[in-house]
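Read in our numbering, the sequence shown has 233 at position 227, and its numbers run on one by one without any break.
Heads up, the beta-carbon is just placed ideally off N, CA and C, and yes, glycines get one too.
As the structure is a prediction and not an experimental result, all values here were calculated from the model.
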Amino acid sequence: MIQKVRGTRDFFGPEERLFCRIESATGRVFRRYGIQQVRTPIFEEAALFSRSIGEATDIVSKEMYTFADRKGRLLSLRPEGTASVVRFLVEEKIQVTDTLKLFYLGPMFRYERPQAGRYRQFHQFGIEYFGTPTAAADAEVISVGHALLQELGLSGHATLLINSLGCAACRPVFLDHLGVFLKDRAADLCEECRDRIDRNPLRCLDCKRDGCVHAYESSPKISESLCELCRRHDAEVKELLADAGLAFTARDRLVRGLDYYVRTVFEFVTAALGAQDAVIAGGRYDGLVAALGGPDLPAVGFAGGIERLIELMSKLPASSTPGAAGACSASVFFVCAEDRAARRRAFNLAERLRASQISTLLPLSDGKSFKSQFRAADKSGARVVVILGEEEAKTNSVSIKDLSRGEQQTVPESDLIPTLDRMGIPRDA
7 MIQKVRGTRD FFGPEERLFC RIESATGRVF RRYGIQQVRT PIFEEAALFS RSIGEATDIV
67 SKEMYTFADR KGRLLSLRPE GTASVVRFLV EEKIQVTDTL KLFYLGPMFR YERPQAGRYR
127 QFHQFGIEYF GTPTAAADAE VISVGHALLQ ELGLSGHATL LINSLGCAAC RPVFLDHLGV
187 FLKDRAADLC EECRDRIDRN PLRCLDCKRD GCVHAYESSP KISESLCELC RRHDAEVKEL
247 LADAGLAFTA RDRLVRGLDY YVRTVFEFVT AALGAQDAVI AGGRYDGLVA ALGGPDLPAV
307 GFAGGIERLI ELMSKLPASS TPGAAGACSA SVFFVCAEDR AARRRAFNLA ERLRASQIST
367 LLPLSDGKSF KSQFRAADKS GARVVVILGE EEAKTNSVSI KDLSRGEQQT VPESDLIPTL
427 DRMGIPRDA
């Protein structure tokens with residue numbers, strides 16, 4: 007038997023419905039902020055990622071799926087979304103006169119050790135703001151992340167962490183201090199951190215191993231090395247977030263795994279997912295567009311993982327993430343008599359409900375008793391059962407049972423849809 011490749015997964019049932027719900031929520035929230043969608047290829051020239059993410063990063067040096075095509079061109083499956091969006095911006099010569107807001111959603115690929123919340127094929131959404139260097143742009147991007155978590159019923163289950171990584175003028179001072187600190191304590195660090203000391207010292211601070219976490223408690227703080235411009239930028243971002251009522255925690259050792267970040271970096275983290283605790287993360291990357299051959303455009307954005315959000319939502323009570331419960335996505339389930347006329351009538355009415363954007367399930371098998379149909383309705387997760395029995399056929403009516411309340415009423419067939427509306431049965435957007 008051929009099985010799925012290690013590090014990948016199938017989505018079906020409740021998880022697939024959560025996946026769709028997250029996709030829908032991203033579109034609604036992002037467009038609320040005037041953000042346009044861009045769709046890019048899932049593979050690019052390998053050089054795009056080595057130039058943008060950084061040769062020394064784990065992603066480029068260890069984790070990319072890279073291959074030569076039949077003409078010998080070196081290609082990579084995309085490990086993240088920002089580089090492809092920037093490539094699109096540069097290649098298409100998009101003129102940015104004010105803030106350009108873009109979002110993406112799709113599969114990404116990294117050859118990592120599979121574990122809870124981390125897969126070799128995973129799905130990310132992200133937003134990118136181009137053209138605005140202000141703290142207000144950073145604060146709005148963070149606000150978008152908070153709004154999405156709120157839309158999904160998760161804002162009370164995630165904490166916002168924020169830091170500044172400084173800029174090209176002040177970060178080297180911090181890296182010098184950090185390098186000295188790391189070399190003095192190399193014996194206390196894990197093998198991976200020792201390997202990073204000369205190659206990518208900032209990433210050492212991201213290590214989750216207990217011994218390293220303890221060692222870094224006394225490491226230099228980047229906030230003490232910030233130049234005046236970075237210090238003011240950081241303070242203004244925090245002021246704007248506080249004014250908007252967004253609670254945050256300043257975290258001096260918060261870093262990101264990609265080399266292109268400057269100044270603001272942030273994460274929304276949760277205690278419910280163990281080591282893989284970040285569900286949305288991002289920051290500012292002012293030099294990336296120019297590094298890929300475009301104009302010197304400031305930029306800020308974030309990315310979030312759909313699999314991690316699904317895992318988080320699955321751990322919470324259904325009442326805390328509205329819309330997540332139920333075995334199917336239909337709102338209405340038809341139960342009808344076994345004769346052909348009743349089945350024809352049920353088929354016709356079900357199609358009318360679907361044409362009115364009301365999700366509907368209709369049993370398609372013959373010979374099912376009312377009892378077995380009601381059992382199927384209970385298992386389906388539908389909120390309402392529409393009953394077409396002998397009495398309803400005689401009076402051209404329908405009986406509607408609210409499964410959540412146990413209440414039943416009989417109405418004329420012509421009043422079926424208005425009654426469902428009054429009951430609050432949703433229509434698809």
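What is the rounded straight-line gap between the Cα of T425 and the Cα of D372?
28 angstroms
Applying the criterion that 16 or more other CB atoms from any shown protein chain within 10 Å of the CB defines a buried residue, is R119 buried or exposed? exposed
Quick one: give me the first and last residue of the alpha helix (DSSP H) that F380 is part of.
-> 376-386
Under 7 angstroms between the Cβ atoms of F109 and I148?
no
- Message: Quick check on the burial criterion: 16 or more other C-beta atoms within 10 angstroms. Buried or exposed for I384?
- Response: Note that residue 384 is Asp in the sequence shown, not Ile. Flag for D384 reads exposed.
Query raised in the report: Do three or more CB pairs link the stretch 40-59 to the stretch 83-92 at distances below 8 angstroms?
Result: Contact annotation: the stretch 40-59 touches the stretch 83-92, with at least three C-beta pairs closer than 8 angstroms.
Does G40 pass the burial test, meaning 16 or more other C-beta atoms within 10 Å, or should it be called exposed? exposed
Burial state of I59 (16 or more Cβ within 10 Å)
buried
Classify G251: buried if its beta carbon has 16 or more other beta carbons within 10 angstroms, exposed otherwise.
exposed
Whose CA, out of T63, L368, E317, C173, lies closest to the CA of C210? Ranking T63, L368, E317, C173 by CA distance to the CA of C210 puts T63 first.
Is A142 near the ligand SAH, going by C-beta to nearest heavy atom under 6 angstroms? Looking for the ligand SAH in the displayed structure turns up nothing, as the structure carries no ligands at all.
Within the same chain, show all residues whose beta-carbon is closer than 6 angstroms to that of F340, passing over the 5 residues directly before and after it, in chain order.
-> Result list for F340: A352, A356, L368, V392, in chain order.
query = Comparing alpha-carbon positions, which option in A122, A142, I364 lies nearest L315?
reply = Considering only alpha carbons, the answer is A122.
Helix, strand or coil: how does DSSP classify M319 here? helix
With a threshold of 8 angstroms, are at least 3 pairs of Cβ atoms found where one atom belongs to the stretch 302-317 and the other to the stretch 274-287? The stretch 302-317 makes contact with the stretch 274-287: 3 or more CB pairs, one atom from each, lie closer than 8 angstroms.
Proximity to G217 [Cα-Cα], best of S231, S224, D194, L235: D194
Counting C-beta neighbours from all protein chains within 10 Å, is the total for Q379 16 or more, i.e. buried, or is it exposed? buried
Reduced DSSP secondary structure (H/G/I, E/B, other) of N354 = Here DSSP, grouped into helix, strand and coil, assigns N354 to helix.
So what does DSSP say about C213, is it helix, strand or coil? Three-state result, C213: coil.
Q) Comparing alpha-carbon positions, which option in L158, R200, S161, I228 lies nearest D182? A) The residue among L158, R200, S161, I228 with its C-alpha nearest the C-alpha of D182 is I228.
Practice prompt. Using the Cα positions of A333 and R45, report the straight-line distance between them to the nearest angstrom.
Written response: Low confidence applies here, because A333 scores a pLDDT of 46, under 50, leaving its location unreliable and the question unanswered by this model.
Worksheet item: What are the start and end residues of the alpha helix (DSSP H) that includes H183?
Response: 177-190
Notebook entry, point to check: Would Y222 pass as a contact of R259 if the rule is Cβ separation under 7 angstroms?
Noted result: yes
Report task. Classify Q130 as helix, strand or coil using the three-state DSSP reduction. Result -> The three-state reading of DSSP puts Q130 in strand, counting E and B together.
* Asked: So L246 and A142 are in contact, right, with Cβ under 8 angstroms, and what is the actual spacing, rounded?
  -> 6 angstroms
Simplified DSSP state of A333, which is helix, strand or coil:
A caution first: A333 carries a pLDDT of 46, below 50, which makes its placement in the model unreliable, though a value can still be read off. If DSSP states are grouped into helix, strand and coil, A333 belongs with coil.
Between the stretch 167-175 and the stretch 266-276, can you find at least three pairs of beta-carbon atoms closer than 8 angstroms? yes
Handout entry: Backbone secondary structure at K400 - three-state DSSP
Key = helix
Look up Y135 in the DSSP assignment and say whether it is helix, strand or coil.
Strand.
Self-check item: Exposure label - A330; buried when at least 16 CB within 10 Å
Solution: With a pLDDT of 46 at A330, under the threshold of 50, the modelled position of this residue cannot be trusted; read the value that follows with caution. Burial of A330 is indicated by the presence of at least 16 other C-beta atoms within 10 angstroms of its C-beta.
*Between which two residues does the beta strand (DSSP E) carrying G33 extend?*
Element bounds for G33: not the beta strand (DSSP E) but the alpha helix (DSSP H), 20-38.
Inset, instruction - Could you tell me how far apart the beta carbons of Y71 and Y125 are, in whole angstroms, since I believe they sit closer than 8 angstroms? - result: In fact, because the Cβ distance is near 13 angstroms, the residues do not count as touching under 8 angstroms.
Just to confirm my understanding: we take G288, look at its own chain, exclude 5 residues before and 5 after, and list those with CB closer than 7 angstroms. What are they?
V147, F272, G307, F308, A309
Margin query: Let's see if you can read the secondary structure: which residues bound the beta strand (DSSP E) around E413?
Written below: 413-418
*asked:* What does the Cβ neighbour count give for D5, buried or exposed, with the cut at 16 atoms within 10 Å?
replied: The requested residue 5 does not occur in the structure, where the chain is confined to residues 7 to 435.
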